[in-house]
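Protein chains in written order, with my numbering: chain A, 32 to 262; chain E, 32 to 262.
C-beta: ideal position from N, C-alpha, C; glycine also.
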DNA sequence: GAAATAGTGTCTTTGAGACAATATCCT
DNA sequence: AGGATATTGTCTCAAAGACACTATTTC
C-alpha cells in the first residue's frame, strides 16, 4: 500500500498508532408470519467462560472490508441469512465493554422478511428469533443495541409504508396496517392510517378476492428506492 | 490484560484479527458574535503531498481512550478549544477514503459558544471558523461530515430552545430567536417561535432594561439536562 | 338475511402560519 | 409625541383522532 512510507509531522507511520479491535453487531428485526410482534434474531454465543448464551450476531472487521460487508458476512455465516441492507446505528466504545480486550463495536440494524430468516431458525439449534420485548439480559451492550434498533425502526415505520419492502407482491391496506402494528407493537387507527399511507402508494385496479367482507383494493409500493435514513 | 490468553473457537486470540486504524473527525459548530450564521471550525492540515489544506480537526484513537476522549484531545490540541460534549454521527468506512491506508473515521459534532472558540481563532493562524455554506471542498469525506453535522444540529434546534446552552445568563425571546435563526440559516416567524418555545422556558420576573422599545421579559432554561439525541 | 370487512364523511382538537392590534418602553 | 419593540388576539389551514355511516362481499 502506498501509505506505508508516509510519515506524519511527528515522524510516525500509520502502523505506529494503537489499533483497537473493531467489531460489528447487528440486530436483525423481522416479523414471523405466525406472530404479530417484532422479533430479533439471536445466535448461540460461547463466551470466554465457555458458557453458551444468546447474543446478537457479530464479527470482527476483516481487511479490506466495509462495515456493511462485515455485517453481511457475519449474518450469512452465523445465521444463514442473506440479502441484508444494514444501517449503522452507533459505535459502542466503553473501554471495558468486552473483557477480552479493547473492542469497539459498530451497532447495526437490518429489517428483513420472515422468509429470509425462517429456514435458519427452523433448521439450526444455534439460531432463534425472539420477541424484542423478551430480548433482555443479553451480553455486552446488546440490550442497548436492540433498544436502539427498535426505536430507529419504529420511527421509520411511522413515516412511510413498509419502508423495508417486507410485503412482496401487491397488498391491501389491512395487510399493510397489520405489518405496521406488529413493528410498532400497538394497534393503529384504520382510518387515519389509510389517510396517511394511501397517498404514498400506487393503486392497482385489482381487488383482493376470496376473503369474507367487501373486497379490498390492492396497492403496490411507489417507484424509487425506499426511504433511507443516513448517508 | 486478562484477555491475552483467551482464544476463540477457531483458536485465534484477539491480536490475530486485522485492525484498521480508527480515527475521529469533529465538526465544531458555533455562531460568531459578529455574524448571524452557523460557522464550522477548521484547522490547517498538511496532507501527504506536503500541501496545507483546511480540514476538520481529527486524530487517531489512543489506547484506553473513548471516542469522546479522542475528540476532546484533538480539539484541545489542534484548536485550543475545551469544554466539548461531542455527539457521534456516523462511521465513514469506505476502503479508499484515506490514501495513507485503511482508516475508519467516526464523525462527531459539537456545538459550542463563540467564547470558547474565539481565542484560538484570533490567536492562531492554523485555526479558522468559516460559514458552513463556505466549508466545501474539504479533504477526505469532511464535506459529508459537515453536512451531516449541520442537518443534525438544525433538527435539534427545531425542537428545543438553545439545546446546547449557548446563551449563558437569562435571555429574551428575541435573543433566543436570533440564535435559532443563525443556526437554521433562515428567518423564523416571531409569534409562532414564541408560542413554541415559551412553554419550555422558565420565566424570571425581570425585564431586559436599557434597550429601545418595550422591555422584553427575561427567561432562563428549564432545569435538567438539555435534550440529548443518542445513547 | 347476517356477519364481516372496506372505504368514506364529519366533527373536534391541535398546532402552525399569517396578519394585525395593543402595550410599554426610549428619546 | 413618535419610534421601536414586545406581546397577544384572531383567522385560516392542515392533519390527526374519534366515531359512525354506507358499501360490498361471503356464509
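1) Can you name the residues of chain A whose CB is closer than 7 Å to the CB of residue 124 of chain E?
2) Would residue 227 of chain A count as contacting chain E if we go by Cβ distances under 7 Å?
3) Going by Cα to Cα distance, which pick from A:239, A:136 and A:69 is closest to residue 166 of chain A?
4) Answer yes or no: does any C-beta atom of chain A fall closer than 7 Å to that of residue 137 of chain E?
5) For residue 119 of chain E, return the contacting residues in chain A, with the cut-off set at a CB-CB distance below 8 Å.
6) For the segment 67-98 of chain E, list every residue whose C-beta sits within 7 Å of some C-beta in chain A, in sequence order.
7) So, with DSSP's three-state summary, where would you put residue 185 of chain E?
8) When DSSP builds the beta bridges, which residues end up paired with residue 89 of chain E?
9) Would you mind reading off the limits of the beta strand (DSSP E) that contains residue 137 of chain E?
10) For residue 181 of chain E, which residues of its own chain have a beta-carbon under 6 Å away from its beta-carbon, when the five flanking residues on both sides are left out?
11) How do the segment 136-143 of chain A and the segment 102-114 of chain A stand: do at least 3 beta-carbon pairs fall below 8 Å, yes or no?
12) Three-state secondary structure (DSSP) at residue 35 of chain E?
13) By DSSP, does residue 167 of chain E sit in helix, in strand, or in coil?
14) How is residue 148 of chain A classed by DSSP in three states: helix, strand or coil?
15) Leaving out five residues before and five after residue 136 of chain A in sequence, what residues of the same chain have Cβ atoms less than 6 Å from its Cβ?
16) Exposed or buried, which one is residue 208 of chain E when buried takes at least 16 other CB atoms within 10 Å?
17) How about residue 151 of chain E and residue 158 of chain E: are their beta carbons less than 7 Å apart?
18) Which parts of the segment 71-127 of chain E are runs of the beta strand (DSSP E), unbroken and 3 residues or longer, counting only runs that do not cross its ends?
19) Would you kindly work out how many angstroms separate the C-alpha atoms of residue 216 of chain E and residue 187 of chain E, rounded to a whole number?
20) Give me the Cα-Cα distance between residue 238 of chain A and residue 102 of chain A, rounded to the nearest whole angstrom.
21) Quick one: what does DSSP say residue 160 of chain E is sitting in, helix, strand or coil?
22) What does a CB cutoff of less than 6 Å around residue 252 of chain A pick up in its chain, not counting 5 residues either side in sequence?
23) How big is the Cα-Cα spacing for residue 155 of chain E and residue 66 of chain E?
24) Let me make sure I understand the geometry here. Which of E:195, E:227, E:58 and E:130 has the alpha-carbon closest to that of residue 106 of chain E?
25) For residue 228 of chain E and residue 213 of chain E, what's the separation of their Cα atoms in angstroms?
26) Within a Cβ cutoff of 7 Å, which residues of the same chain sit near residue 206 of chain E, ignoring the five residues on either side of it in sequence?
27) Report yes if the C-beta distance between residue 148 of chain E and residue 61 of chain E is below 7 Å; otherwise report no.
28) Is it right to say residue 96 of chain E is buried, meaning 16 or more other beta carbons lie within 10 angstroms of its own, or is it exposed?
29) State the Cα-Cα distance for the pair residue 108 of chain E and residue 89 of chain E, rounded to the nearest angstrom.
30) With distance defined between alpha-carbon atoms, name the residue in A:243, A:121 and A:225 nearest to residue 189 of chain A.
31) Might you give, ordered along the chain, the residues of its own chain that have their beta carbon closer than 7 Å to the beta carbon of residue 63 of chain A, omitting 5 neighbours on each side?
32) Below 8 Å CB to CB, which residues in the same chain sit around residue 201 of chain E once its five sequence neighbours on both sides are set aside?
33) Taking Cβ to Cβ, would you say residue 211 of chain A is nearer than 7 Å to residue 204 of chain A?
34) Name the residue from E:129, E:173 and E:191 whose alpha carbon lies nearest to the alpha carbon of residue 79 of chain E.
This is what the structure gives:
1) Indexing the second chain from 1 puts residue 124 of chain E at position 93. Those within 7 Å of residue 124 of chain E in chain A are 97 and 98.
2) Here residue 227 of chain A refers to the residue found at position 196 when the first chain is read from its first residue. No, residue 227 of chain A lies away from the interface with chain E (no Cβ there is under 7 Å from its Cβ).
3) Against the first chain, residue 166 of chain A aligns to sequence position 135. Cα-wise, what sits closest to residue 166 of chain A is A:69.
4) On the second chain, position 106 is the one that residue 137 of chain E refers to. Yes, contact with chain A.
5) Position 88 of the second chain, counted from the start, is the residue given in the question as residue 119 of chain E. Under the 8 Å cutoff, chain A gives 121 and 122.
6) Within the segment 67-98 of chain E, the qualifying residues are 77, 79, 91, 92, 93, 94, 95, 97 and 98.
7) Position 154 of the second chain, counted from the first residue, corresponds to residue 185 of chain E. Of the three classes helix, strand and coil, the one that applies to residue 185 of chain E here is helix, per DSSP.
8) For the purposes of this step, residue 89 of chain E is taken as the residue at position 58 of the second chain. Residue 89 of chain E pairs with E:56.
9) Here residue 137 of chain E is taken as the residue at index 106 of the second chain, counted from 1. Its beta strand (DSSP E) spans residues 134-142.
10) Within the second chain, residue 181 of chain E is the residue found at index 150, counting from 1. Hits under 6 Å: 163.
11) When C-beta atoms of the segment 136-143 of chain A are compared with those of the segment 102-114 of chain A, three or more pairs fall below 8 Å, so the two segments count as touching.
12) As a first step, residue 35 of chain E is located in the second chain; it is residue number 4 there, counting from the start. Note that residue 35 of chain E scores a pLDDT of 45, beneath 50, so its modelled location is shaky; the value from the coordinates is reported in the next line. Residue state, collapsed to three classes: helix.
13) Here residue 167 of chain E corresponds to residue number 136 of the second chain, with the count starting at 1. Residue 167 of chain E falls in the coil class under three-state DSSP.
14) Here residue 148 of chain A is taken as the residue at index 117 of the first chain, counted from 1. When DSSP states are grouped into helix, strand and coil, residue 148 of chain A belongs to the helix group.
15) Position 105 of the first chain, counted from the start, is the residue given in the question as residue 136 of chain A. Correct list, in chain order: 54, 56 and 123.
16) Here residue 208 of chain E is taken as the residue at index 177 of the second chain, counted from 1. Buried is the call here.
17) Here the question's residue 151 of chain E lines up with position 120 in the second chain. Here the question's residue 158 of chain E lines up with position 127 in the second chain. Yes, the Cβ-Cβ distance between residue 151 of chain E and residue 158 of chain E is below 7 Å.
18) Segments of the beta strand (DSSP E) lying fully in the segment 71-127 of chain E: 83-86, 89-91 and 118-123.
19) One-based indexing of the second chain puts residue 216 of chain E at position 185. One-based indexing of the second chain puts residue 187 of chain E at position 156. For the pair residue 216 of chain E and residue 187 of chain E, the Cα-to-Cα distance works out to about 14 Å.
20) As a first step, residue 238 of chain A must be located in the first chain, where it is residue number 207. As a first step, residue 102 of chain A must be located in the first chain, where it is residue number 71. For the pair residue 238 of chain A and residue 102 of chain A, the Cα-to-Cα distance works out to about 39 Å.
21) Residue mapping note: residue 160 of chain E aligns to position 129 of the second chain, counting from 1. Here DSSP, grouped into helix, strand and coil, assigns residue 160 of chain E to strand.
22) As a working note, residue 252 of chain A is residue 221 in the first chain. Within the same chain, residue 252 of chain A has no close Cβ partners at all.
23) Residue numbering aside, residue 155 of chain E sits at position 124 when the second chain is read from its first letter. Residue numbering aside, residue 66 of chain E sits at position 35 when the second chain is read from its first letter. The C-alpha of residue 66 of chain E is placed about 20 Å away from the C-alpha of residue 155 of chain E.
24) The residue you call residue 106 of chain E lines up with position 75 of the second chain. When each option's Cα is compared against that of residue 106 of chain E, the closest is E:58.
25) Along the second chain, one-based indexing puts residue 228 of chain E at 197. Along the second chain, one-based indexing puts residue 213 of chain E at 182. Rounded to whole angstroms, the separation of the alpha carbons of residue 213 of chain E and residue 228 of chain E is 16 Å.
26) As a position in the second chain, residue 206 of chain E is number 175, starting the count at 1. Within the same chain, Cβ atoms closer than 7 Å to the Cβ of residue 206 of chain E are found at 198, the five residues on either side in sequence being excluded.
27) Here residue 148 of chain E refers to the residue found at position 117 when the second chain is read from its first residue. Here residue 61 of chain E refers to the residue found at position 30 when the second chain is read from its first residue. Yes, Cβ-Cβ distance for residue 148 of chain E and residue 61 of chain E is below 7 Å.
28) Start at 1 with the first residue of the second chain, and residue 96 of chain E comes out as number 65. Residue 96 of chain E should be labelled buried.
29) Start at 1 with the first residue of the second chain, and residue 108 of chain E comes out as number 77. Start at 1 with the first residue of the second chain, and residue 89 of chain E comes out as number 58. Rounded to the nearest angstrom, the two C-alpha atoms are 10 Å apart.
30) On the first chain, position 158 is the one that residue 189 of chain A refers to. Looking at the Cα atoms, A:225 is the closest of the given residues.
31) Translated into the one-based positions of the first chain, residue 63 of chain A becomes position 32. Non-local C-beta neighbours of residue 63 of chain A in its own chain, meaning closer than 7 Å and more than five positions away in sequence, comprise 70, 145 and 160, ordered along the chain.
32) Stepping through the second chain from its first residue, residue 201 of chain E is reached at position 170. Excluding residues within five positions, the ones whose Cβ falls inside 8 Å are 235, 237, 249, 250 and 251.
33) Start at 1 with the first residue of the first chain, and residue 211 of chain A comes out as number 180. Start at 1 with the first residue of the first chain, and residue 204 of chain A comes out as number 173. Cβ atoms of residue 211 of chain A and residue 204 of chain A: not closer than 7 Å.
34) Counted from its first residue, the second chain places residue 79 of chain E at position 48. Selected option, being the one with the closest Cα: E:129.
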